[in-house]
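Each remark here refers to the structure printed beneath this line.
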Amino acid sequence: MRGALAIDSRKLGRWALLTAATLAMLYILAPLISVTWLSFYEQEIPSFPPEGYSLRWYKLITGNARFVDGLLLSVQLGVSATAIGLFVGVPAALCLSRFRFPGRETLNNLLLLPLMVPGVVLGTALYVFHVEAEIATGGRFAILGSTLGLLSGHVLVVIPWVVRLVLASLAGFDRTLEEAAQNLGADRWTTFRRITLPGILPGVVAGAMFGFVASFGNLEMSLFLVGPGRTTLPIAILQYLEWKIDPSIAAVSVVQIVLIGTAMLVTDRFVKISRVV
Amino acid sequence: MARLELNQLSKRYGDFFAARDVTLDVADGEFLVLLGPSGCGKTTTLRMIAGFVEPTSGAVRIGDNDVTQLPAWKRNTGLVFQSYALFPHLTVAQNVAFGLEMRKAPRSEITQRVGEALELVRLGHLGDRLPRQLSGGQQQRVALARALAFQPDVLLLDEPLSNLDAKLRQEVRVEIRKLQQSLNLTTVMVTHDQEEALTMADRLVVMSEGAVRQVGSQRDLYERPADRFVAGFVGRSSFLSGSLETPERFRSAGGIAVACRPSTVAIGPATLALRPERVTVTPEAISDVENGFVGEVEFVSYLGGLIDLHVRLSPSDLVIAQIPNREDGFMPRTGDKVHVGWTVASASVFPGSGDDADSADL
Ligand SMILES: Nc1ncnc2c1ncn2[C@@H]1O[C@H](COP(=O)(O)OP(=O)(O)OP(=O)(O)O)[C@@H](O)[C@H]1O
Ligand SMILES: [Mg+2]
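First to last, the protein sequences are chains A and B.
For the first sequence, numbering that gives the first Met the number 0 assigns the number 0 to the initial residue and increments by one for each residue that follows.
For the second sequence, numbering that gives the first Met the number 0 assigns the number 0 to the initial residue and increments by one for each residue that follows.
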């Protein structure tokens, strides 16, 4: 009797867990699924049930120069900002974790700040800074609205992710490995390249990945920094939405989801990002 | 392999000396063991040799070269870490090859030497495994192979056996010693395990509070301890505090007069140290013993082949005796009156009658 009861309650527990997990999954996936579904609608007004299915919205967006240019710019920005962010962020994380120096805490917080500050505030601050800088230098430092200005903003968005995630993986990295390498004859640089970097690679890749996604999806800050005629993909979407709502937006979103999802899956095959985050 | 010399090597952290004026000379092919309680500066000394701790003063010489100013990667020492520190992302063979690669050895030579090093530690068949796929003992041997493959001038071992279980430790102990002898490796090993130190070393160095207390063979340390600390640390001793009345007579605080061998210790406050196994315990008085006393058994611990007795000779004098457990032997019980004795040569006398850590190792 008691045995049967015990099994029953265990079964019940398993069912409850399964239900909760399914609900949570649905909650996360529902928007993704509906947006994907919507993108294949035949009709222009998103109503239910659909009148039919087609690929017309995908054709439409590939013909839309604003979307295509926006995507290109966003990818370029994301890649360059990530590259620069890694170049700055990895050494910064190394210094922060290795050395105790005055102002270390301040620097640590400063590097993580862009993550905390709302995009609008960051955008305004950079905008004002660009304007002031241009005035102060008598127009010689005309960075406002330039790709360089936009890029510098995106680097700021990437850095905190790189620093955070590299710091996290450095915390779990055994430093005696570095001593072992040096004992075997590796100088500092070789030690970093052959031992430290492979050890913290999951953190570096995860930082790059998240930094890229943050840059790629950034809307608020970019709004302040883009020049006339140059828009990133999120801005192009926003501008399109001001005029009309049709499934092409859904199609653009699906393209983004597929892009980022593929990148995540591919990198996860080589480096287990899931171990870091 | 080469000779290793430490000359007045010191390391200070703030006001605290982690190592103080350590001077040692390790001969080519010698196995030297640094022994001492936790925190006495053994690891610090070893790391100064390897180049990971910069000495505050003093010099390290390997062979004919002063390496004090050289960074770790130019010193050519092979260090086996307590945690092994195998590179987790490299295979066993790649781990062992690392030192040779750093020395830009040609491919063919690397392959050959890695093979030899792995054979040496009997792991030739596991070259393709990753470290985490090995047992603790196997990892330990890989660490050893890695430290030997590039033919370092000196081999440094920091408590290499402390992560192994007791049985394996005994085996590896012998293995390392044999290897060291057959390859004629100049070796410095750190340990706080006495038995390990005694079985492996050619010579031992006893350290305490950053300083070298005595350097010598097992016998030197055991039979002629240089000071009270060594007498208490290497093996066991019971200590009687009191004073030296004449160069050959010690009187304990409890009034017992002990004949001892003439020493250079100044007349005055002194401490007498006595090895437990040198003390005989009998039910009747023995006539031919030089120092004979009557005492009361205070504590008996039965250790199988041996029996440990605490015998009180006077309110302030306690002696530990270790007697064999023989079938026909006599088995005292707590409270028994017994006769205790030892020869003149059995006791050592040290200056100062401090009763601070007297019973710490009873
Ligand atoms: N970086 C440091 N800063 C301050 N003190 C230190 C530092 N490194 C070591 N010490 C101190 O130096 C002393 C000697 O340390 P060391 O590691 O050499 O001891 P040890 O003999 O190896 O001890 P154990 O047997 O516990 O390993 C210790 O008291 C330790 O606290
Ligand atoms: Mg130590």
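Ideal placement from N, C-alpha and C gives every residue a C-beta, glycine not left out.
Being a predicted model, the structure only gives us computed values, none of them experimental.
> Mind pulling the chain B residues with CB within less than 7 Å of A:Leu176?
Replying inline: Ala84, Phe86
Cut-off 8 Å between Cβ atoms - residues of its own chain near B:Ile285, not counting five sequence neighbours on either side: Thr279, Gly291, His338, Gly340
Is the Cβ of B:Trp341 closer than 7 Å to any Cβ of chain A? no
Item to check | Cβ distance (whole Å) where A:Ile199 is taken to contact A:Glu177 below 8 Å | outcome: In fact, because the Cβ distance is near 11 Å, the residues do not count as touching under 8 Å.
**Prompt:** Does the beta-carbon distance from A:Gly206 to A:Val165 come in below 7 Å?
**Reply:** yes
Q. Since B:Ala346 contacts B:Leu273 with CB under 8 Å, what's their CB separation in whole angstroms?
A. 5 Å
First through last residue of the alpha helix (DSSP H) which encompasses B:Phe292: From DSSP, B:Phe292 is part of no alpha helix (DSSP H) but of the beta strand (DSSP E) over 290-301.
Discussion item. Could you pull the DSSP bridge partners for B:Met47 from this structure?
Written reply: Answer by DSSP bridge pairing: none, since B:Met47 is not bridged.
| Does the Cβ of B:Thr362 lie closer than 6 Å to at least one heavy atom of ligand 2? | Here chain B comprises residues numbered 0 to 361, so residue 362 of chain B is not present and cannot be evaluated.
What residue from A:Pro48, A:Val67, A:Ala23, A:Pro49 has the CA that sits closest to A:Tyr57's CA? A:Val67
Practice task
Going by DSSP, name the residue or residues bridged to B:Trp341.
Solution key: B:Asn290
Give a yes or no on whether 7 Å exceeds the smallest Cβ distance from A:Asn182 to chain B.
-> yes
* To do: Determine the direct distance from the alpha carbon of A:His153 to that of A:Thr61, and round the result to whole angstroms.
  => 26 Å
#### Entry: Reduced DSSP category for B:Ala359 - H, G, I as helix; E, B as strand; rest coil
Its pLDDT being 38, under 50, B:Ala359 is placed unreliably in this model, and the value from its coordinates should be taken loosely. Of the three classes helix, strand and coil, the one that applies to B:Ala359 here is coil, per DSSP.
I'd like to check one pair, A:Ala250 with A:Val157: are the Cβ atoms closer than 7 Å?
no
At a threshold of 6 Å, does B:Tyr12 count as lining ligand 4 (C-beta to nearest heavy atom)? Ligand 4 is absent from the structure shown, which contains only ligand 1 and ligand 2.
In this structure, how does DSSP classify B:Ile61 when only helix, strand and coil are distinguished? strand
Q) Any Cβ of chain B within less than 7 Å of the Cβ of A:Pro197? A) yes
- Whole-angstrom distance between A:Leu240 and A:Trp36, CA atom to CA atom: 19 Å
If you run the structure through DSSP and keep just helix, strand and coil, what is B:Ser56?
strand
| task | Quick one: residues in its chain with C-beta nearer than 7 Å to the C-beta of B:Ala146, no 5 flanking neighbours on either side, listed in chain order? | result | Gly77, Leu78, Val79, Leu154
Determine the direct distance from the alpha carbon of B:Val52 to that of B:Thr43, and round the result to whole angstroms.
7 Å
**Study point:** Partners in chain B for A:Asp186, counting only beta-carbon separations shorter than 7 Å
**Key:** Trp72
Residues near B:Leu85 in its chain [Cβ-Cβ closer than 7 Å; skip 5 each side]:
Asn94, Pro130, Gln138, Val141, Ala142
| query | Residues in its own chain within less than 8 Å of A:Leu59 by CB, not counting five upstream and five downstream? | reply | Ser247, Ala250
Point to revise | Under 7 Å by beta carbon: chain A residues contacting B:Arg102 | key: Gly184
Out of curiosity, what's the CA-to-CA distance linking B:Val348 and B:Arg235?
15 Å
_Let's see if you can read the secondary structure: which residues bound the beta strand (DSSP E) around B:Asp20?_
15-25
Review point. Using a C-beta to C-beta distance shorter than 7 Å, which residues of chain A count as neighbours of B:Gly98?
Key: Leu183, Gly184
Residue range of the unbroken beta strand (DSSP E) whose run includes A:Ile234: No beta strand (DSSP E) holds A:Ile234; the alpha helix (DSSP H) holding it covers 232-242.
Beta carbon of B:Gly136 nearer than 7 Å to that of B:Leu178: no
ask   = Closest Cβ-Cβ distance between A:Gly226 and chain B: below 7 Å?
value = no
Just the C-alpha distance for B:Pro87 and B:Val299, rounded to the nearest angstrom, thanks.
-> 51 Å
Inset, instruction - Flag A:Ala179 as yes if its beta-carbon sits less than 7 Å from any beta-carbon of chain B, otherwise no. - result: yes
Using CA atoms only, rank isn't needed, just tell me which of B:Gly334, B:Thr333, B:Ile255, B:Val211 is closest to B:Ser315. B:Ile255
Is any beta-carbon of chain A found at less than 7 Å from that of B:Phe51?
yes
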